[in-house]
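*Asks:*
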Amino acid sequence: MAVYAGKVVIVTGASQGIGKALCLELSAQRPRLVLAARDAQALAAVATSCSARGAETLAVPTDVADEASCRALVAAAVERFAGVDVLVNNAGMGMLARFEDVTDLAQYERLMRVNYLGSVYPPFHALPHLKRSRGQLVAVSSLAGLCGVPMRSAYAATKHAQMGFFDSLRIELRPTGVSVTVIAPYFVQSEIR
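Going by my numbering, the first residue of the sequence shown is number 2, and it counts up by one from there.
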């Protein structure tokens, strides 16, 4: 059953890992797929693979930690496909360190900008379109958003913030028909560290 056939689906973090795998899997259903990530070359390669599998694609180099970049992402999707049906907030980064060994707290700030604000900016700009389509808002979080993880204090904190945000949105958006789903995988072998 092709649930996403013809649907406009934005996926952040689409150039590698879970995002790439999701885009490739969805492509067989022939969605209008908007792929977003910072690495333009890797993004173009994934878009080409998705097109070969049946998706109509648009690759938009995007830094989710930058609100203007996220606004441009949604604008490009709407300009090309006239709306947004699904937004998958998947982009993220990791950090492995004991807190007492951290020498630069700017790493914590960068992680919060990517993992938390990078999950706030895209929905903020896509929400009017998602409400019109009674669409889906998806967050790829982590089990680290539900419990503390040694050597991952910064990462766990960002994922706790992300979980709280999407849990609240689920309640707020219930009357609008926009569904909100949070996926919390455990360890996934990917490039994120």
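Even glycine gets a Cβ: it sits at the ideal position worked out from N, Cα and C.
Determine which residues share a DSSP beta bridge with A83 and list them.
*Replies:* The sequence position of residue 83 within the sequence shown is 82, counting from 1. Its beta-bridge partners do not exist; DSSP assigns none.
*Asks:* Is V10 helix, strand or coil by DSSP?
*Replies:* As a position in the sequence shown, residue 10 is number 9, starting the count at 1. V10: strand per DSSP, three-state reduction.
*Asks:* Where does the unbroken alpha helix (DSSP H) through A37 begin, and where does it stop?
*Replies:* The residue labelled residue 37 in the question sits at position 36 within the sequence shown. A37: not part of any alpha helix (DSSP H); member of the beta strand (DSSP E) spanning R33 to A38, first to last residue.
*Asks:* Can you name the residues that DSSP bridges to E57?
*Replies:* For the purposes of this step, residue 57 is identified with residue 56 of the sequence shown, where counting begins at 1. Note: E57 sits in a beta bridge opposite R33.
*Asks:* So V181 and L112 are supposed to be a Cβ contact under 8 Å. How far apart are they, rounded?
*Replies:* On the sequence shown, residue 181 is found 180 positions in, with the first residue counted as 1. On the sequence shown, residue 112 is found 111 positions in, with the first residue counted as 1. Taking a contact as a CB-CB distance under 8 Å, the pair V181 and L112 does not count as one, their CB atoms being some 23 Å apart.
*Asks:* Please classify I184: is it buried, with 16 or more other beta-carbons within 10 angstroms of its beta-carbon, or exposed?
*Replies:* By one-based count along the sequence shown, residue 184 stands at place 183. Answer is exposed; the Cβ neighbour count stays below 16.
*Asks:* Pick out whichever of V12, A3 and S16 has its Cα sitting closest to the Cα of A29.
*Replies:* As a working mapping, residue 29 is identified with position 28 in the sequence shown. Of the candidates V12, A3 and S16, the one whose C-alpha sits nearest the C-alpha of A29 is A3.
*Asks:* Taking the alpha carbon of G178 as the point to measure from, which residue in S50, D86, S16 and E26 has its own alpha carbon closest?
*Replies:* As a working note, residue 178 is residue 177 in the sequence shown. If we check each option's Cα against that of G178, D86 comes out closest.
*Asks:* What three-state label does DSSP hand L138 in the structure shown?
*Replies:* Your numbering for residue 138 matches position 137 in the sequence shown. Strand.
*Asks:* Between the Cα of T13 and the Cα atoms of G149, H161, L118 and A162, which residue gives the shortest distance?
*Replies:* What you label residue 13 is simply residue 12 of the sequence shown in a count that begins at 1. Selected option, being the one with the closest Cα: L118.
*Asks:* With DSSP as the reference, label S52 as helix, strand or coil.
*Replies:* Against the sequence shown, residue 52 aligns to sequence position 51. Note: S52 maps to helix in three-state DSSP.
*Asks:* Could you give the DSSP three-state label for L170: helix, strand or coil?
*Replies:* In the sequence shown, counting from the first residue as 1, residue 170 sits at position 169. Looking at L170 - three-state DSSP - the assignment turns out to be helix.
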